[in-house]
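Be aware that the sequence shown starts at 0, since it is given in numbering that gives the first Met the number 0, and climbs by one per residue.
Contents: one structure, followed by commentary.
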Amino acid sequence: MQKTLKRSPLRDRWRRWKASGIPMTVRLSWALEDASVTHPVLTALFLAILVAAAGWLLVTLVMILRHP
Numbered sequence: 000m001q002k003t004l005k006r007s008p009l010r011d012r013w014r015r016w017k018a019s020g021i022p023m024t025v026r027l028s029w030a031l032e033d034a035s036v037t038h039p040v041l042t043a044l045f046l047a048i049l050v051a052a053a054g055w056l057l058v059t060l061v062m063i064l065r066h067p
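Structure representation (structure tokens):
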């Protein structure tokens, strides 16, 4: 017997947005806004990870450019 995934309200909205032809960047920003309201701690954690990854890439780029 196959286990079915529970459909979340955000997933349903995402499918409607996609079917309406709304651009991906707009859908992502709307989804982030929805998630920040329903899961503020997880959203903060995700943003912290994103900032850390961007900082790591910036430091790596600076090191490559300064020390060829």
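C-beta atoms are modelled at their ideal positions from N, C-alpha and C, and glycine is treated no differently.
*Residue range of the alpha helix (DSSP H) that P39 falls in?*
Sequence index remark: in the sequence shown, residue 39 carries index 40 (1-based). That run of the alpha helix (DSSP H) goes P39 to R65.
*asked:* If you follow the alpha helix (DSSP H) that R15 is in, where does it begin and where does it stop?
replied: As a first step, residue 15 must be located in the sequence shown, where it is residue number 16. Boundaries of the alpha helix (DSSP H) around R15: P8 to A18.
_Between L9 and D33, how many whole angstroms is the CB-CB distance? I'm expecting something under 8 Å._
The residue labelled residue 9 in the question sits at position 10 within the sequence shown. The residue labelled residue 33 in the question sits at position 34 within the sequence shown. The Cβ separation is near 5 Å, so the contact holds.
*Alpha carbon of T37 to alpha carbon of A47, nearest angstrom*: Taking the sequence shown and counting its residues from 1, the one referred to as residue 37 is at position 38. Taking the sequence shown and counting its residues from 1, the one referred to as residue 47 is at position 48. The straight-line gap from Cα to Cα measures roughly 18 Å.
*Can you give me the Cβ contacts of T42 inside the same chain, cut-off strictly under 6 Å, excluding the 5 residues immediately before and after it?*
What you label residue 42 is simply residue 43 of the sequence shown in a count that begins at 1. Excluding sequence neighbours, T42 sits near A34 and S35.
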